[in-house]
Amino acid sequence: MKNLTKILVSIYVAIMMIAVACKKDEPTPTPPVVTPTTTPPVVTKSSAKAITKFSFAALSPVLDATIDEANKAITATVPAATDITKLVPTITLSDKATISPATGVTQDFSKEVSYTVTAEDASTVVYKVNVKKEEVVNTNFKSLNSIIYIRLLDKTYAIDAQSKTIKWTLSSEKNYGGESVPAIANGKIYLSNRDKMYVLDANSGAEKWTFKTQEGSTSPTVSNDIVYIGDRRPSAFFYAFDANTGQKKWERNGLEQGRYDTSPTISDNYVYTVTWNNIIALDEKTGTTKWVYKIPGAFAMTSSPSVVNDILYVGGDQANKFYALNATTGDIIWTYASKYTCSSSPTVVNNLVYLVDNFGVLVLDAKTGIKKWEKRVDNITRDVTVVDGIVYATGAGIILDYTNKKWSDKVYAFDAITGEAKWTFSSDYTDTTVGYSGSTVAPTIANNEVYVSFRNVFYSINAKTGVKNWEMPIEGRLLSPPCVLANDGISHYPSISGMIQ
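When you line the sequence shown up against my numbering, it's residues 162 to 662, in that order.
Structure (structure tokens):
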């Protein structure tokens, strides 16, 4: 029995030893590797979307445009001979930004071009690009004194501004139409009379060519070597001629739209003109109608249109309203109603519209038509001229002493922003036969002088001080404001002229 116990104990010990040995040989399990969780870095896309440089590399020298970053406006003035309908811009952008239209793509800059810049984060901004040509200086006139052209009922004078003498005179028994303003281009002066348009050498008055119109003509406008002119009388033809040869380009009979009575205005391949009750846009090259806006209640419209930033401005005469229209479509943007007749030709400067009703100067916001300021002055004429921050206006036949027939004609100068009076020039007189001078013309500003006429006297007035420089007797009253060819070859016009609108 003892032997059996010993045997069992031996077996148990052996089994335990084997178990311990097996346990030692079993591999120790490796704990799993735990990778710590990490948040991927946030990548911020760029919001930069600026045009940093806009240039025309094909021009010589290369021309860099001016960038107004605050207003997202880009402007450039290129040489006068440049074909701005086929310019290729080179555009530099912020890093990672893109642009449409793309850099290096030919564009027609005869009108405003919009460029959309897109940042990496997909935000966008639009830049407006405007390109204009340098003013053409008539080099043939650089050595000459300034010439002032004035029109009376039956003649046209060319006055040497330095010697105050008449250089030449155009006389015609059919000179009716002298209320139209001449146009000057390429050393020539363009004049319309009762039934003929004269083209003369601006220095000598020698006739270059003439064209017979139907009956009475508007003030001519010259653009891109084409002269545009309309008939004042009911025949209502409108013409386009080669400005150098007189060859007719096209004509149209606008009888159904009424007679033309104002200067045409040319902008972005459109010819804008006004009949007695319509505003009309024509194709510059063909004369075909683009659009017509019939002014409700208007009659005898005498306001020349003005176009700035694709907005067309015009006065409504008997309708007692001023109008702002989309120049491309003819749609109304805003109207301004006055208590008085609104025959003024608008002048637009620095986003302000300067106008005249029968009893004062009005200044409106160009985009909204909201009135900024007004000045009520006596017997103001129908147009104002704005130059170098000053508004110039005239008043004729102002009563000083009705019993003793004492009258006064005046020139007013106002600050263009505030309306504050700068100075007033007065020409007083006694006349027992008439109560007014008959002058209804706006002043013309050139050479820091205000040129204006009252009764039978032509005046030069210092534009800054209102002091008279000189005066010159003339044989009758002016029917239209003068225009001036300065000795640097630059032409200066009154606000009614289509040459500056």
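All C-beta atoms in this analysis are idealised placements derived from N, C-alpha and C, irrespective of residue type, glycine included. Everything numeric in this text was worked out from a predicted model, so none of it was measured.
Simplified DSSP assignment, three categories, for residue i
i                 : result
lysine 210        : coil
alanine 404       : coil
isoleucine 578    : coil
glycine 550       : coil
isoleucine 390    : strand
valine 545        : coil
aspartate 321     : strand
phenylalanine 619 : strand
threonine 434     : strand
lysine 233        : coil
asparagine 630    : strand
asparagine 291    : strand
threonine 555     : strand
leucine 639       : coil
threonine 264     : coil
isoleucine 531    : coil
lysine 625        : coil
isoleucine 252    : strand
proline 466       : coil
threonine 285     : strand
glycine 348       : coil
asparagine 414    : strand
asparagine 609    : coil
aspartate 429     : coil
aspartate 570     : strand
lysine 247        : coil
Nearest candidate by alpha-carbon position, reference residue i, set the options
i                 : options                        : result
alanine 280       : Glu273, Ser271, Ser261         : Ser261
aspartate 649     : Ser465, Lys369, Gly637, Ala607 : Ala607
serine 255        : Asp282, Lys247, Val602, Glu273 : Asp282
leucine 443       : Tyr400, Val475, Leu646         : Tyr400
isoleucine 308    : Leu640, Tyr612, Gly627         : Tyr612
serine 614        : Gly556, Asp269, Gln268         : Gly556
proline 466       : Ala237, Lys357, Thr426         : Thr426
asparagine 291    : Ile311, Asn232, Val432, Asn439 : Asn232
serine 216        : Ser332, Gly265, Ser365         : Gly265
lysine 214        : Lys247, Thr253, Ile235, Asp244 : Thr253
serine 378        : Thr434, Pro655, Ala363         : Thr434
alanine 258       : Ser284, Arg616, Gln268, Ile635 : Ser284
serine 384        : Lys629, Thr490, Asn347, Asp492 : Asn347
asparagine 487    : Val538, Gly521, Val522, Ile441 : Ile441
alanine 155       : Ala218, Leu220, Thr236         : This structure does not reach residue 155, given that the chain is present from 162 up to 662, and the question cannot be answered.
glutamate 610     : Tyr654, Asn364, Ala344         : Tyr654
alanine 582       : Lys625, Thr330, Asn512         : Lys625
alanine 344       : Thr489, Thr317, Pro507, Thr326 : Thr317
asparagine 439    : Glu445, Gly491, Val468, Lys409 : Gly491
phenylalanine 483 : Asn511, Ala527, Val453, Asn470 : Ala527
asparagine 511    : Asp549, Thr267, Gly391, Asp356 : Asp549
leucine 513       : Ile551, Val342, Cys644         : Ile551
Cβ-based neighbour list, residue i, same chain, cut-off 6 Å, excluding 5 preceding and 5 following
i                 : result
valine 287        : Ser275, Thr277
tyrosine 620      : Val613, Glu632
lysine 532        : Leu525
valine 388        : Tyr351, Pro381, Phe402, Ala404
glycine 580       : Trp534, Lys536
alanine 211       : Ser255
lysine 185        : Note on lysine 185: pLDDT 48, under 50, position unreliable in the model; the coordinate value appears next. Closer than 6 Å at Cβ, skipping near neighbours: no residue.
arginine 413      : Phe399, Gly448
phenylalanine 234 : The amino acid occupying residue 234 in the given sequence is alanine; phenylalanine does not appear at that position. Once the five neighbours on either side are set aside, the close Cβ partners of alanine 234 are Lys289.
serine 143        : Since the first and last residues shown for the chain are 162 and 662, residue 143 lies out of range.
proline 642       : Val602, Ala603, Thr605, Pro655
serine 652        : Ile345, Leu646
Own chain residues within Cβ distance below 8 Å of residue i, not counting five before or after
i              : result
asparagine 306 : Asp321, Ala322, Gln323, Ser324, Asn648
alanine 367    : Leu361
threonine 585  : Lys571, Val572, Tyr573, Ala574, Gly627
aspartate 471  : Lys272, Glu273, Asp429, Asn487, Ala488, Thr489
valine 239     : Phe217, Leu220, Leu224, Ile245, Leu248, Val292, Lys293, Lys294, Glu295
Counted within 10 angstroms of its Cβ, other Cβ atoms place residue i as buried (16 or more) or exposed
i              : result
tyrosine 553   : buried
threonine 546  : buried
lysine 328     : buried
asparagine 354 : buried
lysine 293     : exposed
aspartate 576  : exposed
threonine 243  : buried
serine 505     : buried
Contact test: residue i Cβ vs the ligand HEM heavy atom, cutoff 6 Å
i           : result
alanine 498 : No copy of the ligand HEM occurs in the structure displayed, which carries no ligand at all.
Contacting residues, own chain, Cβ-Cβ under 7 Å from residue i (five flanking each side not counted)
i              : result
tryptophan 495 : Ala485, Thr529, Gly530
serine 271     : Ile245, Thr246, Asp429, Asn430
glycine 637    : Leu313, Leu314, Asn617
glutamate 445  : Ile427, Asn430, Tyr431, Val432
Short CB-CB distance (under 7 Å) between residue i and chain C
i           : result
alanine 237 : This model lacks chain C altogether; it includes just one protein chain.
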